[in-house]
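Chemist: This is the structure I have questions about; it appears just below.
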Amino acid sequence: MAGSYDEMWEKLNLDVEAHTGLLEVLGKFYGDIYMSQQGRLRGMEYLDFVLSEVHGLRIKELQDAKAQGKKVFGTFCVFVPEEIVLAAGGVQVGLCAGAEIGTSEAEKVLPRNTCALIKSFVGFKLGRLCPFIESCDMIVGETTCDGKKKAYEIFSEYSPVYVMEIPQMKNPADRELWRNEVMRFKNAVEDTTGNKISAESLKDAIHLTNERRRVLQRLNRLRAAVPVPISGRDVLLINQVSFYDDPVRFTAKIGELCDELEDRVKSGEGVAPKNTTRLMMSGCPMAVPNWKLPYIIESSGAIVVGEESCIGTRNTRDLIDENAKTFDSIIDAIVDRYMKIDCACFTPNTERLDNIVRMARDLKVQGVVHYGLSFCQPYAIEAFKVERALRSAGIPMLSIETDYSMEDVEQLKTRVEAFVEMTK
Amino acid sequence: MKSVLNHDTVAGIDIGSRSIELVVLNPDGLLHRSKTSTAFDPVGQCRRLMDGVIGGRFIATGYGRRLFAESFRDIEVSVITEIQAYALGARFVCPEAMTVLDIGGQDTKVISLSGAGKVRKFEMNDRCAAGTGKFLEFMATALQVPLESFGDFALRSDHRIRINSMCAVFAESEATSLMAGGESPENIAMGLHMGIVQRTAAMLKRVGVSAPLVFAGGVAHNPCVVKLLEEELGQAVMVPEDPDMVGAIGAALYGLNGRVP
Chain A
126 MAGSYDEMWE KLNLDVEAHT GLLEVLGKFY GDIYMSQQGR LRGMEYLDFV
176 LSEVHGLRIK ELQDAKAQGK KVFGTFCVFV PEEIVLAAGG VQVGLCAGAE
226 IGTSEAEKVL PRNTCALIKS FVGFKLGRLC PFIESCDMIV GETTCDGKKK
276 AYEIFSEYSP VYVMEIPQMK NPADRELWRN EVMRFKNAVE DTTGNKISAE
326 SLKDAIHLTN ERRRVLQRLN RLRAAVPVPI SGRDVLLINQ VSFYDDPVRF
376 TAKIGELCDE LEDRVKSGEG VAPKNTTRLM MSGCPMAVPN WKLPYIIESS
426 GAIVVGEESC IGTRNTRDLI DENAKTFDSI IDAIVDRYMK IDCACFTPNT
476 ERLDNIVRMA RDLKVQGVVH YGLSFCQPYA IEAFKVERAL RSAGIPMLSI
526 ETDYSMEDVE QLKTRVEAFV EMTK
Chain B
2 MKSVLNHDTV AGIDIGSRSI ELVVLNPDGL LHRSKTSTAF DPVGQCRRLM
52 DGVIGGRFIA TGYGRRLFAE SFRDIEVSVI TEIQAYALGA RFVCPEAMTV
102 LDIGGQDTKV ISLSGAGKVR KFEMNDRCAA GTGKFLEFMA TALQVPLESF
152 GDFALRSDHR IRINSMCAVF AESEATSLMA GGESPENIAM GLHMGIVQRT
202 AAMLKRVGVS APLVFAGGVA HNPCVVKLLE EELGQAVMVP EDPDMVGAIG
252 AALYGLNGRV P
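Going down the list, the protein sequences come from chains A and B. Under the working numbering, read the first sequence as residues 126 to 549, first letter to last. Under the working numbering, read the second sequence as residues 2 to 262, first letter to last.
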């Protein structure tokens, strides 16, 4: 794909040489982690294609949409209500934050002990390496954690940033705050796109995002079969791609993949033997191309059957009620759905503990690997309570704290292998 | 290396960052034990260590376990992690062991065992080698004391001072400023040992310390670490006769008996 998009990348003011290097590394990494798998579904070819064109064809689609007058909104968090953007005829994309890139650039403006995800998006911007960021008419930040909150202040010096205030508790006053924020966001999106949002357009948008959530829920039900019919890595990839692919196309393609998966489950076919240790991951989000931990787990004699994460069930578990009729009640339905998100930025956050234990039981896992990004305080501190909740349910947990670098892979392998040995 | 078709004879090999240990077991007991340094050629060192040793199957553990399996394809090799190897080995040297501590060249492991000897919970230090054998080695060199006598040297201190840094680089600058302030090297050595022990004790407390506690790995040879650990935990620490061998013994036992119940 290199070559054919150079002109577009130059127009987006990317550092084309460094960007080509990034794509080469990404391609090799993807080959090692994904293409080496045995017995993959035919439907994964679509994901392979999307990923090979992640900075190519998809960016061209965004540019074409912009040429038609559409606006592009970039986000970093599952709290940003995509329904609002879609209802205004906009396009929403999740932004690059999963690669160790531009670190030295990022560290010019951020402290070294900042989490890898924040460093990554700042690095992508300062290194001029992310065509998604450069395609955005508005970048929507949010106040989930202190690191992101303060980093957006710096980021806004380079890109058009809009910040949504996320409540940190779930009292009536917090819901009120969040409703006001959703309305403020609606107005900002209307201003940016020049389009009015109506009850009808919101309903259509809700149906669209609910359909995408439903297909991902179906995927999660099917993958839970014994033997496991699809690798955890592949499911993570599907979840990652759901953030930047066209929602209509994505839902259709994953629907087809689920049909294939259903046949596989019926015939009792799996990608790993029946007695393979089933593990679930829980914690911080894993953005493309952060496949390190699932790869380590699945190279250690276990298979991942669930992701309790923003790039996972936190994004797909709850649907928006589609029965609301009036504009105000539709907004209420959106507000209520997003208030169910059990992010570690909330206090208290007991729903998350209940959700993790329920999910671990439903998926019949032998253990949970808790994943915290280094310097991510909310998840690191909550890991203690998660472990206690799981322990009282008789489910062992391994707590891993790491970042995007590869220097600790061997140590992590030892821990994960020992954990797998423990579950046998 | 001669491979004999005797399934009752099993070799365990522990390829660590500093040293490699080899033991051969059969149901009657230990037939052989030997040890060498890892140096810069772990595969070559393994080959030299195995020369003339008669073993059947091999169980490899330690950070070089995969390298070993890939390098000796002509013999039957299985791999287990150090966690499982030390859990099994500790029960061999102390059948009632409930907690295992291993401080090796580049990592520290603490393992809590169930009554049946199964790994209940474990912790390892993160990627940094602070508080491991490497740290002691680095600091012994900085104070110009041979590593083997560093513990005895520290025990000659006349009062206890705190050294806060566990990073070798920072600890060295802290030690330098203490020396400039007239502090004796013995007291500085004691401070460094106290730092390691506090860090280790915190890790042990996270998994829960039930007695008996078996202390294995190269650092268990250091009498100052053992003494301070007993003080800090308020309980006896059991150091096996050959603490470096525990991992290799555990690996061999795994080959002999399979995993613990």
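Just so it is clear, CB atoms sit at the ideal spot from N, CA and C, and this is done for glycine as well.
State the Cα-Cα distance for the pair GLY156(A) and THR62(B), rounded to the nearest angstrom.
Modeler: 29 Å
Chemist: Less than 8 Å between CB atoms is the rule here; does GLU447(A) satisfy it with respect to chain B?
Modeler: no
Chemist: I'd like to check one pair, TYR255(B) with ILE60(B): are the Cβ atoms closer than 8 Å?
Modeler: yes
Chemist: Looking only at its own chain, which residues have a Cβ that is under 7 Å from the Cβ of CYS470(A), when we skip the five neighbours before and after it?
Modeler: THR269, CYS270, ILE291, GLN293 and PRO503
Chemist: I'd like to know whether the C-beta of MET547(A) is nearer than 8 Å to at least one C-beta of chain B.
Modeler: Using beta-carbon distances, MET547(A) counts as an interface residue toward chain B, with a partner under 8 Å.
Chemist: Looking only at its chain, what residues have a beta carbon closer than 7 Å to the beta carbon of VAL205(A), apart from the 5 residues adjacent to it on each side?
Modeler: VAL265, GLU267 and MET289
Chemist: Helix, strand or coil for VAL314(A), going by three-state DSSP, please let me know.
Modeler: helix
Chemist: To which residues does DSSP link PHE198(A) through a beta bridge?
Modeler: DSSP lists GLN217(A) and MET263(A) as partners of PHE198(A).
Chemist: Does the segment 156-166 of chain B come close enough to the segment 106-119 of chain B that 3 or more CB-CB pairs lie under 8 Å?
Modeler: no
Chemist: Under 7 Å Cβ-Cβ, which residues of chain A neighbour GLU83(B)?
Modeler: The contacting residues are THR539.
Chemist: Run through chain B and tell me which residues come within less than 8 Å of GLN536(A), C-beta to C-beta.
Modeler: Residues of chain B passing the Cβ test: ASP108, MET125, ASP127 and ARG128.
Chemist: Tell me, please, whether the segment 386-396 of chain A touches the segment 313-324 of chain A by the rule of three or more beta-carbon pairs shorter than 8 Å.
Modeler: Output reads no: the segment 313-324 of chain A does not touch the segment 386-396 of chain A.
Chemist: If you draw a straight line from the alpha carbon of ALA190(B) to that of ASP108(B), how long is it in whole angstroms?
Modeler: 20 Å
Chemist: List, in order along the chain, the chain A residues whose C-beta lies closer than 8 Å to that of VAL120(B)?
Modeler: ALA543, GLU546 and MET547
Chemist: What separation, rounded to the nearest whole angstrom, lies between the Cα atoms of VAL413(A) and LEU193(B)?
Modeler: 42 Å
Chemist: Do you know how far the Cα of LEU257(B) is from the Cα of ALA141(B)?
Modeler: The alpha-carbon atoms of ALA141(B) and LEU257(B) are separated by roughly 39 Å.
Chemist: From what residue to what residue does the alpha helix (DSSP H) around SER517(A) run?
Modeler: 502-517
Chemist: Mind the definition here: the segment 231-250 of chain B touches the segment 16-33 of chain B only if three or more C-beta pairs lie below 8 Å; say whether that holds.
Modeler: Contact between the segment 231-250 of chain B and the segment 16-33 of chain B is present, because at least three Cβ pairs lie under 8 Å.
Chemist: Determine the closest residue to ARG183(A) out of SER260(A), VAL150(A) and GLU207(A), with distance taken between C-alpha atoms.
Modeler: Nearest C-alpha to ARG183(A): SER260(A).
Chemist: Using a Cβ-Cβ cutoff of less than 7 Å, which residues in the same chain neighbour VAL198(B) once the five nearest sequence positions on both sides are dropped?
Modeler: Cβ-Cβ distances below 7 Å link VAL198(B) to VAL226, LEU229, LEU230 and GLU233 in the same chain, with the five nearest sequence neighbours on each side left out; the list follows chain order.
Chemist: Evaluate LYS3(B) with the Cβ neighbour count: other Cβ atoms within 10 Å of its Cβ, from every protein chain shown; 16 or more gives buried, anything less gives exposed.
Modeler: Low local confidence applies: a pLDDT of 45 at LYS3(B) is under 50, so the model's placement there is unreliable, and no value is given.
Chemist: Under the rule that 16 or more other beta-carbon atoms within 10 Å means buried, what is SER38(B), buried or exposed?
Modeler: exposed
Chemist: What residues are listed by DSSP as bridge partners for LEU361(A)?
Modeler: LEU361(A) is not bridged to any residue.
Chemist: Rounded to the nearest angstrom, how far is the Cβ of PRO224(B) from that of GLY152(B), given a contact under 8 Å?
Modeler: 5 Å
Chemist: What separation, rounded to the nearest whole angstrom, lies between the Cα atoms of ASP388(A) and ASN335(A)?
Modeler: 24 Å
Chemist: Using CA coordinates, which residue listed in GLY259(B), ASP245(B) and VAL240(B) is at the minimum distance from CYS95(B)?
Modeler: VAL240(B)
Chemist: Can you give me the start and stop residues for the beta strand (DSSP E) that HIS495(A) sits inside?
Modeler: Under the DSSP assignment, HIS495(A) falls in the beta strand (DSSP E) whose first and last residues are 492-498.
Chemist: Output yes or no for whether 8 Å exceeds the beta carbon distance between PRO297(A) and MET263(A).
Modeler: no
Chemist: Do you know whose CA, among ALA350(A), THR401(A) and ARG337(A), lies nearest GLU550(A)'s CA?
Modeler: Missing from the structure shown is residue 550(A); chain A here goes from 126 to 549 and no further.
Chemist: Hey, would you say PHE201(A) sits closer than 8 Å to ALA222(A), going by beta carbons?
Modeler: yes
Chemist: Does the segment 355-372 of chain A come into contact with the segment 311-321 of chain A, if we say contact requires no fewer than three beta-carbon pairs (one atom in each stretch) closer than 8 Å?
Modeler: Verdict: no, contact absent.
Chemist: What does ASP526(A) reach in chain B if we use C-beta pairs closer than 8 Å?
Modeler: For the sequence presented, residue 526(A) should be read as Glu rather than Asp. Taking the beta carbon of GLU526(A) as reference, the chain B residues within 8 Å of it are ASP127, listed in sequence order.
Chemist: Less than 8 Å separating the beta-carbons of LEU187(A) and LEU254(A)?
Modeler: no
Chemist: Opposite THR402(A) in the DSSP bridges: which residues?
Modeler: ALA427(A)
Chemist: Note down, in chain order, each residue of its chain lying with its Cβ closer than 6 Å to the Cβ of CYS435(A), except the 5 sequence neighbours on either side.
Modeler: VAL203 and PRO410
Chemist: Kindly give me the distance between the Cβ atoms of GLY105(B) and GLY259(B), rounded to whole angstroms, as I take these residues to be in contact under 8 Å.
Modeler: The Cβ separation is near 25 Å, so there is no contact.
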